[in-house]
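> Note that this note's numbering has the sequence shown beginning at 924, numbered continuously upward.
Positions of the beta carbon are idealized from the N, C-alpha and C atoms, including for glycine.
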Amino acid sequence: MSESSNPLGTFLRARRELVTPQQAGIPEYGVRRVPGLRREEVAMLAGISADYYLRLERGRDRHPSVQVLESIARVLQLDDDHFAHLMTLVAEVPRHRRARPRRQTPPPGVLRLLGSMAQPAFIEDRWFDVLAVNPMATALSPVLAVGGNQLRDLFLDPAERALHLEWEQVTECFVANLRQAVGTDVDDPRFIELTGELCLGSPRFRQLWARHEVRGQRGTPILFDHPRVGQLTLNRERLSIDGADDLKLVVYHPDAGSGDADKLALLAATAVPTPGTAAARPA
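If you want it as structure tokens, here you go:
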């Protein structure tokens, strides 16, 4: 059964395989055939029958109680983000959902703000497609251009990988956030197109996607190795636009008075003015 037809079971199985018997407090005896916990071990620790847990994983029961989900979440050691995602997998979803637009248009006022900012900044949607940029963003990374996709570039572009000195941590964060953003909307055409391309082209993406990590992006420092100014650390902030979940304003800024601020100023001298809504580059 595919992930789209049984999202709850797919998620439970993936997370079960990441919890070792030692982490769960179960003594290990002999050779184990499966990674992580067995189904019956999860059921025992959660205080439910093995048959009922098997029905959950196989998609035969899609309406467990909150108490059951809390017990399973405790055994699988799910944090708040993962538990919130788990709850969306059992929520009632209308059979005929209104299709989301393929690409949204950022509000004119936000575009003017973007163009006035001295820090690298751009607007993205929930698939990490770049909708608008300012010149400093493109100076920081040439792939930050309208029509680009950050996930595709992170996993498939060697130059973008070299730019990120902590590439493994960055890719893990992006994939976990994509899981949170997609929720149960796994039949979205853009989602299918993007994840299909990445699964085919990147073993790293396939590995991370199979883990079903779920995490929202929060403000964090990012370490770059820029070909013009060398290593610099910039704080990455991701802000909702007009309260919308699908559009984010992303800003990179240095600590005030730091050497990173000096390097960013040097980089600014090389930035070439470009419109914030330039034509999309070819895919």
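To the nearest angstrom, how far is it from the Cα of residue 1132 to the Cα of residue 1098?
Against the sequence shown, residue 1132 aligns to sequence position 209. Against the sequence shown, residue 1098 aligns to sequence position 175. Straight-line Cα distance between these residues: approximately 7 Å.
> If you follow the alpha helix (DSSP H) that residue 1114 is in, where does it begin and where does it stop?
Sequence index remark: in the sequence shown, residue 1114 carries index 191 (1-based). That run of the alpha helix (DSSP H) goes 1112-1124.
> Work out the CA separation of residue 957 and residue 1017 for me, nearest whole Å.
For this step, residue 1017 is matched to residue 94 along the sequence shown. For this step, residue 957 is matched to residue 34 along the sequence shown. Bear in mind that a pLDDT of 48 at residue 1017, under 50, signals an unreliable position, so the number given afterwards is only what the model happens to contain. Residue 1017 and residue 957: Cα-Cα distance of roughly 36 Å.
> So for residue 1001, helix, strand or coil by DSSP?
Locating residue 1001 in the sequence shown gives position 78, where the first residue counts as 1. Reduced to three states, the DSSP call for residue 1001 is coil.
> Helix, strand or coil: how does DSSP classify residue 1076 here?
Reading the sequence shown from its first residue, position 153 is the one you call residue 1076. Helix at residue 1076.
> Counting Cβ pairs, one atom from each stretch, are 3 or more of them under 8 Å apart for the stretch 947-954 and the stretch 931-939?
Touching, no, given that fewer than three Cβ pairs across the two stretches are closer than 8 Å.
> Give the secondary structure of residue 1129 by DSSP, where H, G and I count as helix, E and B as strand, and everything else as coil.
Mapped onto the sequence shown, residue 1129 falls at position 206. Residue 1129: helix per DSSP, three-state reduction.
> Could you please give the first and the last residue of the uninterrupted beta strand (DSSP E) stretch that includes residue 979?
Mapped onto the sequence shown, residue 979 falls at position 56. Unbroken run through residue 979 is the alpha helix (DSSP H), 973-980; no beta strand (DSSP E).
> Here's the rule I'm using: 16 or more other beta-carbon atoms within 10 Å means buried, otherwise exposed. How should residue 1049 be labelled?
Mapped onto the sequence shown, residue 1049 falls at position 126. Buried: at least 16 other Cβ atoms inside 10 Å.
> Just to confirm before moving on: does the CB-CB distance between residue 942 and residue 959 stay below 9 Å?
Residue 942 sits at position 19 when you count from the first residue of the sequence shown. Residue 959 sits at position 36 when you count from the first residue of the sequence shown. Cβ atoms of residue 942 and residue 959: closer than 9 Å.
> Would you tell me roughly how many angstroms separate the C-alpha atoms of residue 1128 and residue 1106, rounded to the nearest one?
The residue you call residue 1128 lines up with position 205 of the sequence shown. The residue you call residue 1106 lines up with position 183 of the sequence shown. Answer to the nearest angstrom: the Cα atoms are 18 Å apart.
> Can you look up residue 1062 in the DSSP assignment and give me helix, strand or coil?
Position 139 of the sequence shown holds residue 1062. Residue 1062 falls in the helix class under three-state DSSP.
> For residue 1008, name the three-state secondary structure that DSSP assigns.
Start at 1 with the first residue of the sequence shown, and residue 1008 comes out as number 85. Residue 1008 falls in the helix class under three-state DSSP.
> Cβ of residue 987 within 9 Å of Cβ of residue 965?
Residue 987 sits at position 64 when you count from the first residue of the sequence shown. Residue 965 sits at position 42 when you count from the first residue of the sequence shown. No, the Cβ-Cβ distance between residue 987 and residue 965 is not below 9 Å.
> By DSSP, does residue 1052 sit in helix, in strand, or in coil?
Taking the first residue of the sequence shown as 1, we reach residue 1052 at position 129. In the structure shown, residue 1052 sits in a strand (DSSP, three-state: E or B).
> Consult DSSP for residue 966 and reduce its assignment to one of helix, strand or coil.
Position 43 of the sequence shown, counted from the first residue, corresponds to residue 966. In this structure, residue 966 counts as helix in the three-state DSSP scheme.
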